[in-house]
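The sequence shown begins at 1 in UniProt numbering and counts up one residue at a time.
Below: the structure, in structure tokens.
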Amino acid sequence: MDNITEQILSHFREVSRIPRCSRNEEKIAMWLKKWALHHGFSVKFDSMNNIVIGVPGSKGCEYLPSIVIQGHMDMVCEKTQDSSHDFSKDPIIPVVDDEWLRAQGTTLGADNGIAIALALALAEDKSLKHPPLELLFTVDEETGLTGANALTPDFISGYVLLNVDSEDEGIFTVGCAGGLNTTIKMPLRFSPLPDNMLTFSLVVDGLSGGHSGVDIHEGRANANKLIAGALSLIADRIDVRILDVSGGSAHNAIPRYAQVMVAAATDNKEVILDMISDFESKMKSEYSEIENGINIRVKADSSDLQKEITDSIDSETTSKIIGLLQELPHGVTCMSPDIEGLVETSSNLATINIDDGELIIISSQRSSSDQGLSSLTSSIEKIAKKYGAAYEHNSGYPAWQPDMSSPLLKRCMEVYSSVFDEKAKIEIIHAGLECAVIGSKFENMDMISFGPTIINPHSPDECLHIPSIRKIWDFLIALLESFAEKEESKKSGKSKKRSKGKKSRS
Numbered sequence: 001m002d003n004i005t006e007q008i009l010s011h012f013r014e015v016s017r018i019p020r021c022s023r024n025e026e027k028i029a030m031w032l033k034k035w036a037l038h039h040g041f042s043v044k045f046d047s048m049n050n051i052v053i054g055v056p057g058s059k060g061c062e063y064l065p066s067i068v069i070q071g072h073m074d075m076v077c078e079k080t081q082d083s084s085h086d087f088s089k090d091p092i093i094p095v096v097d098d099e100w101l102r103a104q105g106t107t108l109g110a111d112n113g114i115a116i117a118l119a120l121a122l123a124e125d126k127s128l129k130h131p132p133l134e135l136l137f138t139v140d141e142e143t144g145l146t147g148a149n150a151l152t153p154d155f156i157s158g159y160v161l162l163n164v165d166s167e168d169e170g171i172f173t174v175g176c177a178g179g180l181n182t183t184i185k186m187p188l189r190f191s192p193l194p195d196n197m198l199t200f201s202l203v204v205d206g207l208s209g210g211h212s213g214v215d216i217h218e219g220r221a222n223a224n225k226l227i228a229g230a231l232s233l234i235a236d237r238i239d240v241r242i243l244d245v246s247g248g249s250a251h252n253a254i255p256r257y258a259q260v261m262v263a264a265a266t267d268n269k270e271v272i273l274d275m276i277s278d279f280e281s282k283m284k285s286e287y288s289e290i291e292n293g294i295n296i297r298v299k300a301d302s303s304d305l306q307k308e309i310t311d312s313i314d315s316e317t318t319s320k321i322i323g324l325l326q327e328l329p330h331g332v333t334c335m336s337p338d339i340e341g342l343v344e345t346s347s348n349l350a351t352i353n354i355d356d357g358e359l360i361i362i363s364s365q366r367s368s369s370d371q372g373l374s375s376l377t378s379s380i381e382k383i384a385k386k387y388g389a390a391y392e393h394n395s396g397y398p399a400w401q402p403d404m405s406s407p408l409l410k411r412c413m414e415v416y417s418s419v420f421d422e423k424a425k426i427e428i429i430h431a432g433l434e435c436a437v438i439g440s441k442f443e444n445m446d447m448i449s450f451g452p453t454i455i456n457p458h459s460p461d462e463c464l465h466i467p468s469i470r471k472i473w474d475f476l477i478a479l480l481e482s483f484a485e486k487e488e489s490k491k492s493g494k495s496k497k498r499s500k501g502k503k504s505r506s
């Protein structure tokens with residue numbers, strides 16, 4: 001590993017020691033403030049705890065227009081079922097695995113901690129030639145881009161923005177889908193259980209999960225949909241009552257785990273075990289090319305089949321829950337008619353749980369088409385109404401429409417080609433990016449998104465490709481130098497014109 005990559009990863013390890021789940025970014029924000037002041041840089045916060053650090057331009061570049069380097073402070077906090085990691089206090093310890101950096105049983109947080117690490121390394125390197133930099137780090141990107149939504153026009157001054165939140169080195173992202181989250185609430189009715197009914201837990205785990213935008217086209221299994229399918233299979237044959245249900249952990253992560261506590265007549269125990277075994281075999285076959293760890297079972301704890309209870313959600317409401325979960329959509333709704341291989345519209349049946357006598361479901365919809373997003377959301381509303389549930393939507397975020405004539409895009413393509421002697425690719429993604437929100441707030445902002453290669457973000461299988469870090473570094477410093485060289489070229493041209501003018505007068 002070269003010295004520059006090690007320096008960047010040293011910053012990343014520092015960041016990884018600080019708890020920074022979405023909506024809990026106070027500690028990382030204060031750490032960044034301390035770092036900035038230690039290096040003599042200016043610091044500014046807004047009401048949401050977004051932070052911008054001002055880095056002066058290098059010698060001769062002090063008065064150039066500033067370049068905004070942007071990322072987000074928060075991370076998706078996912079872990080394996082057997083992990084005891086406490087994201088509120090425990091550090092994440094990155095581990096090198098050949099060419100990859102991973103965490104142990106949790107998300108790594110390279111999305112988007114590596115952007116912070118790269119920016120800090122750039123700011124500290126006094127040998128680089130660059131215009132003034134504004135290091136803009138936002139909060140709460142992962143749960144709804146709320147930090148970016150709170151930005152005000154006076155918070156930054158630059159009109160060129162480099163978003164370091166894409167996950168495929170060698171690809172420049174110039175557009176993204178918009179999105180909207182829908183919260184569905186169904187009131188629950190309870191009643192005493194008939195005699196001779198015992199409880200058991202039904203569990204779905206071992207799924208790949210992943211990013212609900214980036215990975216949705218792969219057709220990975222959704223634990224919430226599988227638990228609904230298993231419940232429906234049982235309910236079609238015997239009287240079953242739900243006591244509790246939970247699944248998924250974040251609106252932008254495909255659910256990897258779900259569990260439901262149910263009650264059924266004691267003499268149906270073996271029938272249930274056989275049905276679940278058959279259902280698991282069927283799902284393993286159906287997803288054989290996508291998932292290799294599907295596990296659907298009655299929980300191993302023997303007490304789960306013996307604990308006596310007195311009441312539960314009544315039979316009619318249990319049927320409604322099963323029907324609602326089965327009908328709510330998950331996955332790709334339609335592909336882009338204009339760009340081959342690009343998902344246009346999709347939904348993620350993200351989380352389910354019971355709280356204070358209500359079933360609460362969160363569905364996350366994405367689309368690069370306003371009409372597509374509206375149509376999909378409308379269909380979810382109709383399904384909720386059908387089962388007597390209420391719904392509400394968050395404010396969402398817009399799509400980022402690509403500008404193929406962007407001067408920044410042209411510059412990035414030229415710089416990348418000159419540095420690596422190969423052509424970068426250009427793409428539009430189905431995930432949400434803060435560029436969409438920032439572009440709607442800052443008129444004439446020229447933006448692009450790129451980053452080192454990260455696979456399986458938003459899951460404990462997340463890993464960062466170490467060699468790609470150095471490539472992003474080399475590209476970044478060459479890109480920043482190109483802005484300074486352009487200004488030097490202008491000054492040189494003016495100097496020659498003045499010199500010619502003097503000769504003509506002599």
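Even glycine gets a Cβ: it sits at the ideal position worked out from N, Cα and C.
Let me know if residue i comes out buried or exposed under the rule of 16 or more other beta-carbons within 10 Å of its beta-carbon.
i, result
"Ser-58", "buried"
"Met-404", "exposed"
"Tyr-63", "exposed"
"Ile-8", "buried"
"Thr-317", "buried"
"Glu-6", "exposed"
"Arg-20", "buried"
"Gly-213", "buried"
"Tyr-226", "Here residue 226 turns out to be Leu, not Tyr, going by the sequence shown. Looking at its Cβ environment, which holds 16 or more other Cβ atoms inside 10 Å, Leu-226 is buried."
"Phe-190", "exposed"
"Thr-345", "buried"
"Lys-382", "exposed"
"Pro-192", "exposed"
"Asp-74", "buried"
"Asn-444", "exposed"
"Val-15", "buried"
"Gly-147", "buried"
"Tyr-416", "buried"
"Lys-79", "buried"
"Val-95", "exposed"
"Glu-434", "buried"
"Pro-460", "buried"
Going by DSSP, what residues sit across from residue i in a beta bridge?
i, result
"Arg-20", "Paired residues: none, contrary to the question."
"Asp-97", "Trp-100"
"Asn-353", "Ile-360"
"Thr-345", "Cys-334 and Ser-367"
"Trp-400", "Cys-176"
"Cys-463", "Arg-102 and Ile-455"
"Ala-258", "Val-204 and Gly-247"
"Met-447", "Leu-161"
"Ser-312", "Ser-191"
"Phe-137", "Ile-51 and Gly-71"
"Val-15", "Val-15 is not bridged to any residue."
"Glu-392", "Thr-183"
"Arg-297", "Val-203"
"Lys-79", "Thr-106"
Measure how close the beta-carbons of residue i and residue j come, nearest whole angstrom, since I'm counting them as under 8 Å.
i, j, result
"Phe-200", "Leu-233", "Their Cβ separation, rounded to whole angstroms, is 14 Å, which puts Phe-200 and Leu-233 out of contact at 8 Å."
"Tyr-387", "Met-186", "6 Å"
"Thr-183", "Tyr-391", "7 Å"
"Glu-167", "Gly-451", "6 Å"
"Ser-446", "Tyr-159", "In the sequence as presented, Ser is not what sits at residue 446; that position holds Asp. Sure, about 6 Å apart at Cβ, within 8 Å."
"Ile-53", "Ala-29", "Incorrect: roughly 11 Å between the Cβ atoms, too far for contact."
Do residue j and residue i have their beta-carbon atoms positioned less than 8 Å apart in this structure?
i, j, result
"Leu-480", "Pro-131", "yes"
"Val-204", "Ile-238", "no"
"Thr-351", "His-251", "yes"
"Asp-97", "Arg-470", "no"
"Val-164", "Leu-118", "yes"
"Gln-326", "Ala-228", "yes"
"Gly-210", "Ile-171", "no"
"Ile-296", "Ala-230", "yes"
"residue 507", "Asn-196", "The chain is shown from 1 up to 506; residue 507 falls before or after that span and cannot be answered."
"Gly-439", "Arg-366", "no"
"Ser-157", "Ser-66", "yes"
"Glu-25", "Val-139", "yes"
"Ala-223", "Leu-243", "no"
"Gly-219", "Gly-331", "yes"
"Ser-449", "Thr-173", "yes"
"Ile-69", "Leu-464", "no"
Could you check whether the Cβ of residue i sits closer than 7 Å to any heavy atom belonging to the ligand GTP?
i, result
"Asn-149", "As presented, the structure is devoid of all ligands, the ligand GTP included, so that no description of it is given."
If you scan the stretch 403 to 436 from start to end, which runs of the alpha helix (DSSP H) of 4 or more residues do you find wholly inside it?
-> Counting only unbroken stretches of 4 or more residues, the alpha helix (DSSP H) elements lying wholly within the stretch 403 to 436 are 407 to 420, in sequence order.
Where in the stretch 163 to 248 do unbroken runs of the alpha helix (DSSP H), each at least 4 residues long, occur, reported from the N-terminal end onward?
-> Listed in chain order, the complete alpha helix (DSSP H) runs (minimum 4 residues) inside the stretch 163 to 248 are 223 to 235.
Within the stretch 25 to 77, note down every full alpha helix (DSSP H) run reaching 4 residues or more, in order along the chain.
-> As far as the stretch 25 to 77 is concerned, its whole alpha helix (DSSP H) runs of at least 4 residues are 26 to 38.
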